[in-house]
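See below for the structure under consideration.
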Amino acid sequence: MMAKTFSAAVISPEIRAKIERAAATCESIEKRELRCPYDGFRVGTVFADTGGHVMFKCQKCKTETVFNLTPGTHLDFRRASN
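Heads up, the sequence shown is in the working numbering, so the first residue is 2 and it goes up one at a time.
Laid out in structure tokens, this is it:
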């Protein structure tokens, strides 16, 4: 069996600066973890100012779930139709 190799692209200074600015901007924003409603496995982390709908696939049970992140609503879980 061949060993897997990993290669990373070199990030340009401009892209690195954008990443660092984005990280500095959100340091004071509250984060919340999204957990799979079926087994409780952490599927992602979102910031408090995130809105709309996102879909995550649980790496443990392989279920895709749509999360409603609209501000002012309780996290709404819906199973993906595919």
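C-beta: ideal position from N, C-alpha, C; glycine also.
- Nearest to L70 by alpha-carbon distance, out of R17, T46, C27 and S13, is T46.
- As the crow flies, the alpha-carbon of I16 is around 37 Å from that of D40.
- Rounded to the nearest whole angstrom, the CA to CA distance from T51 to E28 is 14 Å.
- E65 carries a strand assignment under DSSP once its states are collapsed to helix, strand and coil.
- Taking C-alpha positions only, K61 is separated from H54 by approximately 21 Å.
- For K32, the enclosing beta strand (DSSP E) begins and ends at K32 to R36.
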